[in-house]
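As numbered in the UniProt record's numbering, residues 1 to 367 make up the sequence shown, in order.
Note that beta-carbon positions come from the ideal geometry of N, C-alpha and C, so glycine has one too.
Remember, it's a predicted structure, so these values are computed and weren't measured experimentally.
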Amino acid sequence: LSAKLYEEKSKLVYQVHPMPDQILDYVWDYGHLKADERNYIEIMVKTQLNHPFFAELLCASQAFIRKVEEPFSVSLRDVKRAIKLFKFFKDKLNQFNYVQNNSKIIYPEIRPLVLALSLCYLFRLHDQSQRKEYRKEMIGIIEKYQIIDEPRNRKDLFERIISDEQNNYIERMRCPEGTAKNEALLENIFVMIVSVRIISMNLRGADSNDSYFRTLPQVYMIPYQGSSSSTSEGITKVFQTAQNYQQTSSKENPVTAVVLLDEVGLAETSPYNPLKVLHALLEPPLGSQSSEPVVPVIGISNWRLDNSKSSRALLVQRPLFAENDLADTARRLLGDIKEIYNIDEFLKKLAKSYLEYIKNQKYPNFH
Numbered sequence: 001l002s003a004k005l006y007e008e009k010s011k012l013v014y015q016v017h018p019m020p021d022q023i024l025d026y027v028w029d030y031g032h033l034k035a036d037e038r039n040y041i042e043i044m045v046k047t048q049l050n051h052p053f054f055a056e057l058l059c060a061s062q063a064f065i066r067k068v069e070e071p072f073s074v075s076l077r078d079v080k081r082a083i084k085l086f087k088f089f090k091d092k093l094n095q096f097n098y099v100q101n102n103s104k105i106i107y108p109e110i111r112p113l114v115l116a117l118s119l120c121y122l123f124r125l126h127d128q129s130q131r132k133e134y135r136k137e138m139i140g141i142i143e144k145y146q147i148i149d150e151p152r153n154r155k156d157l158f159e160r161i162i163s164d165e166q167n168n169y170i171e172r173m174r175c176p177e178g179t180a181k182n183e184a185l186l187e188n189i190f191v192m193i194v195s196v197r198i199i200s201m202n203l204r205g206a207d208s209n210d211s212y213f214r215t216l217p218q219v220y221m222i223p224y225q226g227s228s229s230s231t232s233e234g235i236t237k238v239f240q241t242a243q244n245y246q247q248t249s250s251k252e253n254p255v256t257a258v259v260l261l262d263e264v265g266l267a268e269t270s271p272y273n274p275l276k277v278l279h280a281l282l283e284p285p286l287g288s289q290s291s292e293p294v295v296p297v298i299g300i301s302n303w304r305l306d307n308s309k310s311s312r313a314l315l316v317q318r319p320l321f322a323e324n325d326l327a328d329t330a331r332r333l334l335g336d337i338k339e340i341y342n343i344d345e346f347l348k349k350l351a352k353s354y355l356e357y358i359k360n361q362k363y364p365n366f367h
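#1: Taking DSSP as the reference, what is the three-state secondary structure of Asn97?
#2: State the Cα-Cα distance for the pair Leu117 and Ser61, rounded to the nearest angstrom.
#3: Leu286: buried (16+ other C-beta within 10 angstroms of its C-beta) or exposed?
#4: Counting only runs that start and end within the stretch 234–272, where is the alpha helix (DSSP H) found for 4 or more residues in a row?
#5: How would you call Gly335, buried or exposed, if buried means at least 16 neighbouring beta carbons within 10 angstroms?
#6: On the criterion of 16 or more Cβ atoms from any shown chain inside 10 Å, does Leu24 qualify as buried, or is it exposed?
#7: Could you tell me which uninterrupted alpha helix (DSSP H) segments, each at least 4 residues in length, are contained entirely in the stretch 283–360, listed from first to last along the chain?
#8: Could you give the DSSP three-state label for Ile222: helix, strand or coil?
#9: For Tyr134 and Ser291, I'd like the C-alpha separation in whole angstroms.
#10: Taking one C-beta from the stretch 217–235 and one from the stretch 256–264 each time, how about it: are there three or more such pairs within less than 8 Å?
#11: Does DSSP put Gly140 in a helix, in a strand, or in coil?
#12: For Ser228, which option in Thr241, Ala257, Tyr272, Pro217 has the closest C-alpha, if you only look at C-alpha atoms?
#13: Leaving aside the five residues before and after Ala82 along the sequence, list all residues of the same chain whose C-beta is less than 7 Å from its C-beta, in chain order.
#14: Is it buried or exposed, Gly299, if we count other Cβ atoms within 10 angstroms and call 16 or more buried?
#15: Would DSSP call Asn168 helix, strand or coil?
#16: Alpha carbons only, please: which of Lys309, Thr215, Gln317 is nearest the one belonging to Asn302?
#17: State the CB to CB distance for the pair Pro305 and Pro293, rounded to an integer number of angstroms; the pair is presumed to be in contact (CB under 8 Å).
#18: With Ala180 and Leu333 assumed to form a contact (beta carbons below 8 Å), what rounded beta-carbon distance in angstroms separates them?
#19: Could you compute how far the alpha carbon of Ser310 sits from the alpha carbon of Ala351?
#20: Counting along the chain, where does the alpha helix (DSSP H) carrying Asn365 start and finish?
#21: Since Ile142 and Ile162 should fall inside the 8 Å C-beta cutoff, what is the C-beta to C-beta distance between them, to a whole number of angstroms?
#22: If you reduce the DSSP assignment to three classes, tell me which class Cys175 lands in.
#23: Could you check what DSSP says for Leu76 in three-state terms: helix, strand or coil?
#24: When burial is assigned at 16 or more other CB atoms within 10 Å of the CB, is Ser129 buried or exposed?
#25: Among the residues of its own chain, which have a CB less than 7 Å from the CB of Ser75, if the five just before and after it don't count?
#26: What residue range does the alpha helix (DSSP H) around Phe190 cover?
#27: Might you give, ordered along the chain, the residues of its own chain that have their beta carbon closer than 6 Å to the beta carbon of Ala242, omitting 5 neighbours on each side?
#28: Taking 7 Å as the limit between beta carbons, can you name the residues of its chain near Leu113, skipping five residues before and five after?
#29: Please report the distance separating the alpha-carbon of Ser270 from that of Thr236.
#30: So, using beta-carbon positions, are Phe123 and Ile139 closer together than 8 Å?
#31: Is it buried or exposed for Val219, if we count other Cβ within 10 angstroms and need 16 for buried?
#32: Which class does Met19 belong to by DSSP, given the choice of helix, strand or coil?
#33: I need the DSSP call for Asn102, collapsed to helix, strand or coil.
#34: Can you list, in chain order, the residues of its chain with a C-beta nearer than 6 Å to that of Ser232? Leave out the 5 residues immediately preceding and following it.
#35: Tell me which same chain residues have a C-beta within less than 7 Å of the C-beta of Ile41, skipping the five on either side of it?
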């Protein structure tokens, strides 16, 4: 009975009580910003970046997400986040030798905007067809400004830039033996959500193996396991612990404490409604001059949180594995053995058989 109750609750984004009929006459739908939002975005971009067409890309991205999700899925928070990431990739990363073997940076003129849009909008789409449609729409806007000379390079523009950046990071890391460096892992490491073991093992400040990672603070993970018995006091205590640890940071030995909320979606089932405290914890402190929250947070969940929480952070959703994804994962697991004759054809058949097995199970997820 309890398992059935949990299953029913897990499908809900909001867990609220019905509104009394007596106050329905006093409820208004204010909608969302339309023409005004475009003006705000143009002002924000002009003030902080003065980029010729990034505002147009942001407006199109906002409209696309609203079309495939819901009107309130995105807000000016996402715009602000994208602008901040654009500046980060343009101004900060290029100051360090983060490209290995002196290799050439591909498309440096549009690389920051592609990476910023990918983090804020592309990676939140859980359907591959939607991702493809989004990339096509963004490339259509970029083409109007004749940035890319060769037409053959335009179709896979997003994929090439993202793949180049992701591989640049993963090649610097020591991964456990048997790790498949597939698209899912590359994407999750890139946004620092999944593969905490690899991240914490490599981001060790001055002790890191890679020269670029040595320029970054050491990362210290403070985990919290979400459950149906979670309380707001427990979550607040974890954040306080992280904040206290941050105070040990110094110029000589910089450290960053990161709160890891594992299975944070399970806390949604708690009768104590503990996730309400996240609204304040994911925002800068009141009266602070900083525009950032005190403690960085990573949340991992099988269920998406409501918009009031997910809008305060980068949202990444992985599409279901397709046949090509599974074959690629198997190919990467094989490593050097992949040189076996006709191995690609065998892996495709293996992936197809696996998907058919999953689809036709009498009892789902029973292996």
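Quick answer:
#1: Bear in mind that a pLDDT of 49 at Asn97, under 50, signals an unreliable position, so the number given afterwards is only what the model happens to contain. DSSP, read as helix, strand or coil, puts Asn97 in coil.
#2: Each residue's alpha carbon lies about 8 Å from the other.
#3: Only exposed fits Leu286, as fewer than 16 other CB atoms lie within 10 angstroms of its CB.
#4: List check, alpha helix (DSSP H) in window: nothing returned.
#5: Burial check for Gly335: the Cβ neighbour count within 10 Å stays below 16, so the residue is exposed.
#6: Leu24 should be labelled exposed.
#7: The stretch 283–360 contains these whole alpha helix (DSSP H) runs: 307–310, 323–334, 343–359.
#8: For Ile222, the three-state secondary structure derived from DSSP is strand.
#9: Distance between the alpha carbons of Tyr134 and Ser291 is about 29 Å.
#10: Enough Cβ pairs lie closer than 8 Å, so yes.
#11: Secondary structure of Gly140 (DSSP, three-state): helix.
#12: Ranking Thr241, Ala257, Tyr272, Pro217 by Cα distance to Ser228 puts Tyr272 first.
#13: Hits under 7 Å: Leu58, Ala116, Leu117, Cys120.
#14: Residue environment analysis places Gly299 among the buried positions, since at least 16 neighbouring C-beta atoms fall within 10 angstroms of its C-beta.
#15: In the displayed model, Asn168 falls within a helix according to three-state DSSP.
#16: Asn302 has its Cα closest to that of Gln317, out of Lys309, Thr215, Gln317.
#17: The question names Pro, yet the displayed sequence has Leu at residue 305. Rounded, the Cβ-Cβ distance is 16 Å, inconsistent with contact.
#18: Ala180 to Leu333, Cβ: 5 Å. Contact.
#19: So the two alpha carbons sit approximately 33 Å from each other.
#20: Segment: none, Asn365 is in no alpha helix (DSSP H) and carries neither H nor E.
#21: Wrong, their Cβ atoms sit about 14 Å apart, outside the cutoff.
#22: In the three-state scheme derived from DSSP, where H, G and I count as helix and E and B as strand, Cys175 is classed as coil.
#23: Leu76: helix per DSSP, three-state reduction.
#24: Under this definition Ser129 is an exposed residue.
#25: Taken in chain order, the residues that qualify are Ser311.
#26: Phe190 -> alpha helix (DSSP H) spans 183–190.
#27: These residues qualify, in order along the chain: Ile222, Ala257, Val259, Val295.
#28: Taken in chain order, the residues that qualify are Phe54, Leu57, Phe86.
#29: The alpha-carbon atoms of Ser270 and Thr236 are separated by roughly 15 Å.
#30: Cβ distance not < 8 Å, so Phe123 and Ile139 don't count as in contact.
#31: By the 10 Å Cβ count, Val219 comes out buried.
#32: In this structure, Met19 counts as coil in the three-state DSSP scheme.
#33: Because Asn102 carries a pLDDT of 48, less than 50, the predicted location of this residue cannot be relied on, and the following value inherits that uncertainty. In the displayed model, Asn102 falls within a helix according to three-state DSSP.
#34: Result list for Ser232: Pro274, Val277, in chain order.
#35: Within its own chain, the residues whose Cβ lies closer than 7 Å to the Cβ of Ile41, once the five positions on either side in sequence are excluded, are Ala55, Leu58, Cys59, Val79, listed in chain order.
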